[in-house]
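Same order as they appear, the protein sequences are chains A and B.
Heads up: the first sequence is residues 1 to 395, going by the numbering used here.
Heads up: the second sequence is residues 1 to 395, going by the numbering used here.
The block underneath contains the structure these notes are about, expressed in structure tokens.
Protein chains: 2
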Amino acid sequence: MEEIACPGFKAAGVAAGLKKNGHKDVGIIFSETPAAIAGVFTKNKVKASCVRLCQERITSGKAQAIIANSGNANCCTGDRGMRDTMELSALVSQHLGINDEAVFVASTGVIGVPLPVDKIKSAVPHLIGALSENGFSDFAESIMTTDTSRKIISRQGRVDGKRFTVTGIAKGSGMICPDMATMLCFVCSDIGASPDVLNKILSRAVDKSFNKITVDGDTSTNDMALIMSNGLSEIELTRTSHMDAFQNELDVVLKGLAREIVKDGEGATKLVEIEIKGALSDEDARLAAETVAHSSLVKTALFGQDANWGRIIAAVGRAGIHIDQDRIDIYFDNVKAVSDGARSSHASAEQDATRVLRKPEFTITVDLNIGQGSAAILTCDFSVDYVKINADYRT
Amino acid sequence: MEEIACPGFKAAGVAAGLKKNGHKDVGIIFSETPAAIAGVFTKNKVKASCVRLCQERITSGKAQAIIANSGNANCCTGDRGMRDTMELSALVSQHLGINDEAVFVASTGVIGVPLPVDKIKSAVPHLIGALSENGFSDFAESIMTTDTSRKIISRQGRVDGKRFTVTGIAKGSGMICPDMATMLCFVCSDIGASPDVLNKILSRAVDKSFNKITVDGDTSTNDMALIMSNGLSEIELTRTSHMDAFQNELDVVLKGLAREIVKDGEGATKLVEIEIKGALSDEDARLAAETVAHSSLVKTALFGQDANWGRIIAAVGRAGIHIDQDRIDIYFDNVKAVSDGARSSHASAEQDATRVLRKPEFTITVDLNIGQGSAAILTCDFSVDYVKINADYRT
Numbered sequence: 001m002e003e004i005a006c007p008g009f010k011a012a013g014v015a016a017g018l019k020k021n022g023h024k025d026v027g028i029i030f031s032e033t034p035a036a037i038a039g040v041f042t043k044n045k046v047k048a049s050c051v052r053l054c055q056e057r058i059t060s061g062k063a064q065a066i067i068a069n070s071g072n073a074n075c076c077t078g079d080r081g082m083r084d085t086m087e088l089s090a091l092v093s094q095h096l097g098i099n100d101e102a103v104f105v106a107s108t109g110v111i112g113v114p115l116p117v118d119k120i121k122s123a124v125p126h127l128i129g130a131l132s133e134n135g136f137s138d139f140a141e142s143i144m145t146t147d148t149s150r151k152i153i154s155r156q157g158r159v160d161g162k163r164f165t166v167t168g169i170a171k172g173s174g175m176i177c178p179d180m181a182t183m184l185c186f187v188c189s190d191i192g193a194s195p196d197v198l199n200k201i202l203s204r205a206v207d208k209s210f211n212k213i214t215v216d217g218d219t220s221t222n223d224m225a226l227i228m229s230n231g232l233s234e235i236e237l238t239r240t241s242h243m244d245a246f247q248n249e250l251d252v253v254l255k256g257l258a259r260e261i262v263k264d265g266e267g268a269t270k271l272v273e274i275e276i277k278g279a280l281s282d283e284d285a286r287l288a289a290e291t292v293a294h295s296s297l298v299k300t301a302l303f304g305q306d307a308n309w310g311r312i313i314a315a316v317g318r319a320g321i322h323i324d325q326d327r328i329d330i331y332f333d334n335v336k337a338v339s340d341g342a343r344s345s346h347a348s349a350e351q352d353a354t355r356v357l358r359k360p361e362f363t364i365t366v367d368l369n370i371g372q373g374s375a376a377i378l379t380c381d382f383s384v385d386y387v388k389i390n391a392d393y394r395t
Numbered sequence: 001m002e003e004i005a006c007p008g009f010k011a012a013g014v015a016a017g018l019k020k021n022g023h024k025d026v027g028i029i030f031s032e033t034p035a036a037i038a039g040v041f042t043k044n045k046v047k048a049s050c051v052r053l054c055q056e057r058i059t060s061g062k063a064q065a066i067i068a069n070s071g072n073a074n075c076c077t078g079d080r081g082m083r084d085t086m087e088l089s090a091l092v093s094q095h096l097g098i099n100d101e102a103v104f105v106a107s108t109g110v111i112g113v114p115l116p117v118d119k120i121k122s123a124v125p126h127l128i129g130a131l132s133e134n135g136f137s138d139f140a141e142s143i144m145t146t147d148t149s150r151k152i153i154s155r156q157g158r159v160d161g162k163r164f165t166v167t168g169i170a171k172g173s174g175m176i177c178p179d180m181a182t183m184l185c186f187v188c189s190d191i192g193a194s195p196d197v198l199n200k201i202l203s204r205a206v207d208k209s210f211n212k213i214t215v216d217g218d219t220s221t222n223d224m225a226l227i228m229s230n231g232l233s234e235i236e237l238t239r240t241s242h243m244d245a246f247q248n249e250l251d252v253v254l255k256g257l258a259r260e261i262v263k264d265g266e267g268a269t270k271l272v273e274i275e276i277k278g279a280l281s282d283e284d285a286r287l288a289a290e291t292v293a294h295s296s297l298v299k300t301a302l303f304g305q306d307a308n309w310g311r312i313i314a315a316v317g318r319a320g321i322h323i324d325q326d327r328i329d330i331y332f333d334n335v336k337a338v339s340d341g342a343r344s345s346h347a348s349a350e351q352d353a354t355r356v357l358r359k360p361e362f363t364i365t366v367d368l369n370i371g372q373g374s375a376a377i378l379t380c381d382f383s384v385d386y387v388k389i390n391a392d393y394r395t
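Shown next as structure tokens:
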């Protein structure tokens, strides 16, 4: 595997003993020079102390380090939770010799159990000693929970003959749903940008990526996407054309990570795009796409490789949007299974649809045929393993 | 088993060959005299032809027969679907010698497959020949789909020394969710009431029963609750005290059926009441109760007998209601697991909560501690078998 890096950044990941299996569970990203930072956070009204701290600190627009742990969300842990978060931040800032306010903290894992902060504190010197330009893989590993694979994507872009890098790391396989920031995602770049510009570009990229995926409709208390940029590329995002170039690369990175997250959805065996078109509005289309993508009955049928479009049309019918049931068409990839709200008269439609369902990736398109509104969302199936993973999560 | 009857009504159920396993799949209820009728129907915007027909006919307030089939929903079957529904109705009215408009039709089963109407037509003479005062059990059996047991409850009440009977039959184990009429439910009574009064009382009873249960958050295209009353008891619902007496009995019948439906939820191993109190409003409480009750992560944890209250508080946090996370208390039956938004400091809380989770039935109470609003909803867990049942439903 090619080593992934980003100029001016170092990263590391080690095992501090939070995960029972001895896997890496604490990671750090360090910018050698002060960086600009922007972030998007969960919309859940129950928030972990680390989310509260990051939301406070991000108003300064400046950062130099992110410490993240898996195995414990440090959420609903009372006053002690915030004390633990701040203690970790202070320790990291001392060891790195940077301002405490420049340290950001992220946690993911079980809710309601006090953070074993002593274990992390013991690991911090080792963690900081391990910082390396090639440490992103270790970092990515250290933030995994039920993920089965590391999620890192790095891209390079070019502007006026100068090169810039965008490196993104993410985790998350259950509790993924639109209308939240995301799971955990950290992006490093050597672009030069003000926090305001970074924030605008990040929000757009999140809307096109993490806000268009769903695994189980649940949303977490700890989710955040942070981007740090250090300006080493000597490209300053002041012109629209430069912003567009950076937006493009960031979009590719976040869309790719979003796709990996759904593909790695807990127990998932299928990656399915739900596309709604012909709705009265984009908002109607979005509601319908989410209702279909969240339906347990639809998702279990996807697992069963069953072209059970009745469940899809029933989900559209309860989405609370305007429809004319007798005008609805439904496609599995390009196989038209439903025409004017009833089974396609094409003799082989059912067989052809079933063939699509057997593929690991496909698109379900619902054309409401009453307007111009459209939306798409990426989802996965709902498998026996999803239940097993989530019934046994804490044990 | 004691035979269940209702004065003036006969019922029957036979196998017409719609179900592959040869089980009963067509049933009929017949009122020997013209009855008053009221009904509540699915709010899904995709509706089966039988729902459309019943909604039209119910405006007359009069009925004398209901024919119901399982194994096929006759939904999204185009013009042919409505023709099939009307043909069945006509055949039943001819055989019974009653007005066509007095026949109501209900179907449940797979969506999008044309109704094998010839099979049902062949069975109608046999079905009508089988009509009997003691035929309610057969009828209840004939409307089962993934249900594992018949659902019938009969109650008698007394007013001014006169007796009245309320007999309810229901089906439904998946696709159960509030904000819809219900799955299929048919009630017979010998009470005397105008269709308007019946409708008011039925709506209230449905709000207290079927609209307070959820299995998987999906809602069907075919759901309806119908009540027929023939007046044979010689009790006329004109006085408030009589109406209250009847409402009480109907409430007990529908609540009992609702409970049986959740208990028989597809693959369910737990019957769990989600109670929200201390919300700013009843509406806020209802939203929170539904979000918790529908959360796949909560439901899989219930299956795993895991007192994972982090998932409960996270669901409350994304319900879109006003909360103060540091004031939330959570109980499993009377075990306080969460106090002021954090794990209870009581040493045995986790163990005690786990003991509750091992029970087949229990209550989860979330006290938001910020107001007087409350709501409760009955739900079940999400098991490996739920996925298996729904992955293989059509095969």
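C-beta: ideal position from N, C-alpha, C; glycine also.
Only a predicted model underlies this, so the values are computations on that prediction, with no experimental measurement involved.
For Gly256(A) and Lys151(A), the gap between their C-alpha atoms comes out near 9 Å. Residues of the region 285 to 303 of chain B with a C-beta less than 7 Å from any C-beta of chain A: Ser295, Ser296, Leu297, Thr300, Ala301, Phe303, listed in chain order. Around the beta carbon of Gln372(A), a 10 Å sphere encloses fewer than 16 other beta carbons of the protein chains shown; the residue is thus reported as exposed. Legend: CB atoms of the region 67 to 79 of chain B lying less than 9 Å from CB atoms of chain A belong to residues Ala73, Cys75, Cys76, Thr77, Gly78, Asp79. Going by C-alpha positions, Lys10(A) is about 24 Å away from Ala205(A). When the alpha-carbon of Val272(A) is set against those of Ala342(A), Ile111(A), Val215(A), Gly168(A), the nearest one is in Val215(A). Within chain B, the residues placing a beta-carbon under 7 Å from that of Gly317(A) are Asn44, Lys45, Val46, Thr221, ordered along the chain. Taking a cut-off of 8 Å for Cβ pairs, the region 260 to 279 of chain A and the region 364 to 380 of chain A touch, as three or more such pairs fall below it.
Residue environment analysis places Asp118(A) among the exposed positions, since fewer than 16 neighbouring C-beta atoms fall within 10 angstroms of its C-beta.
Contact of Ser383(B) with chain A is assigned, a C-beta pair being separated by under 8 Å. Counting C-beta atoms within 10 angstroms of its own C-beta, His294(B) has 16 or more neighbours from the protein chains shown and is therefore classed as buried. Sequence-ordered contacts of the region 345 to 361 of chain B with chain A are nonexistent [C-beta pairs closer than 8 Å]. Beta bridge pairing from DSSP links Gln156(B) with Thr165(B). Apart from sequence neighbours up to five positions away, the residues of its chain that approach Ser374(A) with a beta-carbon distance below 6 Å are Lys277, Ala285, ordered along the chain.
Between Ala289(B) and Ile377(B), the CB-CB gap stays under 8 Å. Taking a cut-off of 8 Å for Cβ pairs, the region 21 to 33 of chain B and the region 65 to 78 of chain B touch, as three or more such pairs fall below it. Beta-carbon to beta-carbon, Thr108(B) and Leu53(B) are separated by about 15 Å, too far to satisfy the 8 Å threshold. Not one beta carbon of chain A lies nearer than 8 Å to the beta carbon of Val117(B). Chain-ordered, the chain A residues with CB closer than 8 Å to the CB of Lys388(B) read Val384.
In chain order, Val46, Cys75, Cys76, Ile111, Gly112, Thr221 make up the part of chain A whose C-beta sits under 9 Å from the C-beta of Ile313(B). Residue-level contact check: Arg343(B) touches chain A, since one or more beta carbons of chain A fall below 8 Å from its beta carbon. DSSP, reduced to helix, strand and coil, places Asn72(A) within a strand of the structure shown. Assignment of Pro195(B) by DSSP, reduced to helix, strand and coil, places it in the helix class. If you draw a 10 Å sphere on the C-beta of Asp326(A), you find fewer than 16 other C-beta atoms in it, and that means exposed. A contact is defined here as three or more CB-CB pairs under 8 Å, and the region 192 to 201 of chain A meets this definition with respect to the region 227 to 245 of chain A.
A direct Cα-to-Cα measurement between Gly267(B) and Val387(A) gives close to 12 Å. Checking the DSSP bridge columns, you'll see Ser189(B) partnered with Val166(B), Ser229(B).
Judged by beta-carbon spacing, Ser220(A) lies within the 8 Å limit of Ala314(B), meaning their Cβ atoms are closer than that value. Pairwise C-beta distances place the region 74 to 92 of chain B in contact with the region 110 to 128 of chain B, as three or more of them are shorter than 8 Å. Taking 8 Å as the cut-off, the beta carbon of Ser189(B) is found no closer than this to the beta carbon of Phe210(B). Runs of the beta strand (DSSP E) lying entirely within the region 259 to 313 of chain B and spanning at least 3 residues, in chain order: 271 to 279. The beta carbon of Ala349(A) lies closer than 8 Å to those of Val335, Lys336, Ala337, Arg343 in the same chain, with the five residues before and after it left out. Residue pairing for Lys171(A): DSSP places it in a beta bridge opposite Leu184(A). Rounded to whole angstroms, Ile328(A) and Ile213(B) show a C-alpha spacing of 30 Å.
Annotated three-state conformation of Val14(B) is strand, per DSSP. Chain order gives no chain A residues near Gly373(B), where near means a beta carbon separation below 8 Å; the closest approach is about 16 Å.
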